[in-house]
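Report on one structure; see the data block that follows.
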Amino acid sequence: MEMFLMGLCLSFFGVVVSGILFAAATREERERETARRPEERVVLDAPQFFVSPLTASPASPVVRVPLEVLLLQIERHVRLEQAAAESFHEFPTVEALHVQTLSPLVH
Amino acid sequence: MQTNGADLFAGLSPLDSAAVLALGTPLSLAAGAVLFGLGSDADCLYLIRRGRIALMLPMQLGDRDEDVLIEERVPGQTVGWSALIPPHRFTLTATAPLPTELTVFRRDALFAHCAQHPDVGYVIGMNVAAVIGQRLQVFQTMWLREMQRVVNHARA
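What follows is the structure, encoded as structure tokens:
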């Protein structure tokens, strides 16, 4: 009976030691894999209820153009596009149809 | 007012142009004034004599609607052809970005004159058709250019 218990303890000890050695051996490989694929990390933002997503994060990379500037850009874009379209209307060619303008909204 | 170069009078004799012009009444707008609003009844056709008229449509920017420029009309050009075409409602908002002078033609007066002078009515009808056709073709081109950008962006 003593021999059986001793054998059981030794087997258990062997399993534990094998597990520790395996974990130590594969840890470096797992760290390398994680560093190689940073885009796969899931980053969870803190929940912000009743807050607009646009204003929630001050570190947001979205560039907010003032409304007045945006309206001026739209006006300039429309004038340039209208001029390009009228030019095509007078001399219709494929090149005139797709001619580029200097509109800030398309560059 | 000189009618030379006015798109509404193209092809009319000076005498006929003067007779049509006599139907109109002058209107002065201060900078920022609204000539007509989107959805309002269209009873009058406008010939721009001086200044400029901006045609606007509302666009959703952020959480509110803002009128943005769709097209600009300059002296000699006509705005408000919705007054001649059913259902006689303006589909744009027209404003004067700077002090502007116009001649206003009421639809009923213009139609009555054209009924009495069919040859004049024919020329005016063709001129209005040219205004509408030119705008349609310009906007078809603008629409296709924007569609091209959408497609390019989607395929990028």
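Protein chains in written order, with the working numbering: chain A, 53 to 159; chain B, 1235 to 1390. Think of the CB as a built atom: it goes at the ideal place given N, C-alpha and C, for glycine as much as any other residue. Source: prediction; values computed, not measured.
Straight-line measurement puts the Cα of B:Trp1315 at about 25 Å from the Cα of A:Arg128.
Inclusion of B:His1322 and B:Ala1276 in the CB contact set at 7 Å is warranted, their separation being smaller than that value. The DSSP assignment places no complete alpha helix (DSSP H) segment of no fewer than 4 residues inside the segment 1258 to 1345 of chain B. Below the 8 Å Cβ cutoff, chain A contributes no neighbours of B:Thr1325, its closest Cβ being approximately 17 Å away. Shown here, B:Ser1251 sits in a helix according to DSSP, grouped into three states.
Taking a beta-carbon distance threshold of 7 Å, B:Gln1311 does not count as an interface residue toward chain A. Following the DSSP letters along the chain, one finds A:His129 inside the alpha helix (DSSP H) bounded by residues Leu119 to Glu142. The alpha carbon of A:Leu157 has as its nearest neighbour, out of A:Arg131, A:Glu142, A:His141 and A:Val146, the alpha carbon of A:Arg131. A direct Cα-to-Cα measurement between B:Gly1258 and B:Ser1251 gives close to 11 Å. Counting other Cβ atoms within 10 Å of its Cβ, B:Leu1269 reaches 16 or more and is therefore classed as buried. Apart from the 5 residues on each side of it in sequence, B:Arg1283 sits with its Cβ closer than 7 Å to the Cβ of Met1235, Pro1309, Glu1335, Leu1336 and Thr1337 in its chain, given in chain order.
Residue environment analysis places A:Thr145 among the exposed positions, since fewer than 16 neighbouring C-beta atoms fall within 10 angstroms of its C-beta. Cα atoms of B:Arg1286 and B:Arg1307: separation of roughly 6 Å, rounded to the nearest angstrom. Taking C-alpha positions only, A:Gln152 is separated from B:Ala1253 by approximately 45 Å. With a threshold of 7 Å between beta carbons, B:Gln1350 makes no contact with chain A.
Close CB contacts of B:Leu1318 within its chain, under the 7 Å cut and outside five residues either way in sequence, are with Leu1279, Arg1341 and Val1362 (chain order). Distance check between B:Arg1369 and each of B:Gln1311, B:Arg1383 and B:Ala1244 places B:Gln1311 closest, using alpha-carbon atoms only. Of all residues in the segment 1289 to 1307 of chain B, those with a C-beta nearer than 8 Å to a C-beta of chain A are Met1293, Leu1295, Gly1296, Glu1300, Val1302, Leu1303, Ile1304, Glu1305 and Glu1306, reading in chain order. Considering only B:Arg1383, B:Arg1389 and B:Phe1243, the residue with the shortest C-alpha distance to A:Glu133 is B:Arg1383. Straight through space, the alpha carbons of A:Gly66 and A:Met58 are spaced by roughly 12 Å. Among the residues facing chain B, A:Glu138 is included, as its CB has a counterpart in that chain under 7 Å away. The beta carbon of B:Phe1345 is closer than 7 Å to none in its chain, skipping five residues each way along the sequence.
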